[in-house]
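These notes concern the structure reproduced below.
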Ligand code: AMP
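Rendered as structure tokens:
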């Protein structure tokens, strides 16, 4: 059978193709038949531009439904879709173009000069140019048969440390994960998904959009997250997906109240840790327990709290069906509940490797074929034999002080619970005595006069001395990337020399 992901989507499109697929508030309504027609036209335009199956098409463009049509066009023509964060600048783009060697680059009009100067081999088109070229072409296209292991997309990892790597995702990877999520989260044709995420990342592009495409439902489509606007639109939606920042911003918005959430059946959070405190506050304010899930670019979604059943704040739930997740110690032995170790997994969702980095790919897999996520966590028992995963951080963020392991999350949770603390990040900084010393960077709420001594004194009675920060700094905010993840490498760089 043809394993092309587009063919799978098409089988789930609503029968009457004039069903809305995407609604832009105060803007157009795009129907499934328009999406299908434009994707066909763009597929023809890409083939006419010389693309052959396996060629990469790099895209750096603002969020617009035409970008989704372009993504589908690539699938249909057997091309490899390569989305790029709209924030990437010259030197980053130069690296991606050199590494991926795209046949075609599609960019926003404002980027044309930069992109053309950077890449003289590819055909460079602005998105409006591509859509104009496509307009006179046929509105049907014979979707190319693909094998399950053929590449569908390459997504460069956010690379908060070291070089960004291109994760190669196959049609099988994306199809299996999309179907697992539709089933796990109970998506049906009647759903309306509020979509305010960027579409160059796995969350907004695959998790959110695939749920809509694989259930024939519709999306309320916002260019970006704006708390006020989201509150006004919630009564028109049934599901919202977001990064934790979306939820803290909703809580800070006075117009956000229970009444606004009456039509919503599900709030989903992921891509960065949702504080247990946010989970509780949101439940009190809205009546909804946010469903937290965990995944990464290389694997798609791995675990999820249940749709029916207990959603446990501070955990990312249980493995999705068909995915084998384990937590192991340094010798590779499985850890029981309550013991912290490395998270590894295998399943049809696990990527095909890093683009042109066979060595690096080999390093990230165990001898028995499991992918090492680089995340550290533990099983939290919740009913007999039903472990929920609790993440405690990235392995590389672990602080080793005098040979003892300190998991930043344990200390951060205690600091966050202190009166007047907005949020905190615990990092390791160089120390002549201990190798690394625990240090904390804290953001105080306005008017809070907490001092370094206060923090240290409060922690001393609560946790072992080696875990108590040797230094505490205060900052106005924590550096975050586009998906809301705290960039600890940036903090280590900024504060490491002050220690
Ligand atoms: P990315 O590839 O950019 O999606 O980043 C993947 C990483 O984000 C994972 O390896 C985790 O460290 C982190 N992550 C994703 N979801 C969660 C979550 N729900 N809680 C904590 N960390 C998460």
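In our numbering, the protein residues as written are 94 to 592.
The beta-carbon is built from N, C-alpha and C at its ideal position, and this holds for glycine as well.
Which residues count as close to the ligand AMP when the rule is a CB under 7 Å from any of its heavy atoms, in chain order? Cβ atoms closer than 7 Å to the ligand AMP belong to 250, 251, 294, 295, 296, 362, 363, 364, 365, 366, 367, 385, 386, 387, 388, 389, 390, 391, 409, 466, 467, 468, 484, 487, 576, 578.
Does DSSP classify residue 354 as helix, strand or coil? Three-state result, residue 354: helix.
DSSP three-state label for residue 293, please. In the structure shown, residue 293 adopts coil according to DSSP, grouped into three states.
Residue 388 lies in the alpha helix (DSSP H); which residues open and close that run? Here residue 388 belongs to no alpha helix (DSSP H); instead the beta strand (DSSP E) covers 384 to 389.
Using CA atoms only, rank isn't needed, just tell me which of 502, 275, 140, 356 is closest to residue 171. Nearest C-alpha to residue 171: 140.
My output table needs one value for residue 508: the three-state DSSP class, helix, strand or coil. For residue 508, the three-state secondary structure derived from DSSP is helix.
Give me the residue from 258, 147, 146, 106 with the minimum Cα distance to residue 448. Ranking the options by Cα distance to residue 448, first place goes to 258.
So what's residue 427 in DSSP terms, helix, strand or just coil? Here residue 427 sits in strand by DSSP.
Pick helix, strand or coil for residue 478, following the three-state DSSP scheme. Annotation note: pLDDT 45 at residue 478 (below 50); position unreliable, coordinate value reported separately. In the structure shown, the three-state DSSP call for residue 478 is coil.
Out of curiosity, what's the CA-to-CA distance linking residue 405 and residue 384? Here the alpha carbons of residue 384 and residue 405 stand approximately 8 Å from one another.
Let's see if you can read the secondary structure: which residues bound the alpha helix (DSSP H) around residue 124? Segment 122 to 124 is the beta strand (DSSP E) holding residue 124; no alpha helix (DSSP H) there.
Buried or exposed: where does residue 555 fall if 16 or more other Cβ atoms within 10 Å of its Cβ makes it buried? Exposed, by the Cβ-count rule.
Extent of the continuous alpha helix (DSSP H) run through residue 318: Residue 318 -> no alpha helix (DSSP H), and no H or E assigned at all.
State the Cα-Cα distance for the pair residue 321 and residue 348, rounded to the nearest angstrom. So the two alpha carbons sit approximately 7 Å from each other.
So what's residue 287 in DSSP terms, helix, strand or just coil? Residue 287 sits in a strand when the DSSP states are folded into three classes.
Three-state secondary structure (DSSP) at residue 360? Residue 360 sits in a strand when the DSSP states are folded into three classes.
Pull up the DSSP beta-bridge partners for residue 278, would you. Paired residues: none, contrary to the question.
At which residues does the alpha helix (DSSP H) containing residue 494 begin and terminate? That residue, residue 494, is in no alpha helix (DSSP H); its beta strand (DSSP E) goes 492 to 494.
Since I believe residue 198 is in contact with residue 190 (beta carbons under 8 Å), could you give me their beta-carbon distance rounded to a whole number of angstroms? Yes, residue 190 and residue 198 are in contact; Cβ-Cβ is about 7 Å, under 8 Å.
Using 8 Å as the threshold, is the C-beta distance between residue 158 and residue 314 below it? Yes, Cβ-Cβ distance for residue 158 and residue 314 is below 8 Å.
Cβ contact (3+ pairs, closer than 8 Å) linking the stretch 413 to 425 and the stretch 218 to 233: Short answer: they don't touch.
Suppose you measure from the CA of residue 109 to the CA of residue 285; what does that come to, to the nearest Å? C-alpha separation (whole angstroms): 17 Å.
Residue 467 (DSSP reduced to helix, strand or coil): Strand at residue 467.
Between the CA atoms of residue 418 and residue 438 - distance to the nearest angstrom: In a straight line, the C-alpha of residue 438 is about 4 Å away from that of residue 418.
In the structure shown, what three-state DSSP assignment does residue 440 receive? In the structure shown, residue 440 sits in coil (DSSP, three-state: anything other than H, G, I, E or B).
Identify, in the order they occur along the chain, each residue of the same chain with its Cβ nearer than 7 Å to the Cβ of residue 477, setting aside the five sequence neighbours on each side. Bear in mind that the predicted position of residue 477 carries a pLDDT of just 45, short of 50, making it unreliable; the figure below should be weighed with that in mind. If we look at residue 477 and ignore the five residues flanking it on each side, it has no Cβ neighbours.
Return helix, strand or coil for residue 181, following the three-state DSSP convention. Reduced to three states, the DSSP call for residue 181 is coil.
Judging by CA-CA distance, which residue of 371, 166, 546 is the nearest neighbour of residue 515? Per the Cα distances, 371.
Around the Cβ of residue 180, are there at least 16 other Cβ atoms within 10 angstroms (buried) or fewer (exposed)? Exposed, since its Cβ has fewer than 16 Cβ neighbours within 10 Å.
In whole angstroms, what separates the C-alpha of residue 99 from that of residue 343? Approximately 35 Å between the Cα atoms of the pair.
Residues bridged to residue 483 (per DSSP): For residue 483, which the question treats as bridged, DSSP gives the partners 471.
Around the C-beta of residue 533, are 16 or more other C-beta atoms found within 10 angstroms, so that it is buried, or is it exposed? Residue 533 comes out buried.
Return the CA-CA distance between residue 249 and residue 271, expressed in angstroms with no decimal places. If I take the Cα positions, the gap works out to 20 Å.
So, at 8 Å on beta carbons, what are the nonlocal neighbours of residue 495 in its own chain, with the 5 sequence-adjacent residues on each side left out? 526, 527, 528, 559, listed in sequence order.
Taking only runs of the beta strand (DSSP E) that begin and end inside the stretch 208 to 253, which ones reach a length of at least 3 residues, in chain order? Considered as a whole, the stretch 208 to 253 harbours 216 to 219, 244 to 249 as its complete beta strand (DSSP E) runs of no fewer than 3 residues, in chain order.
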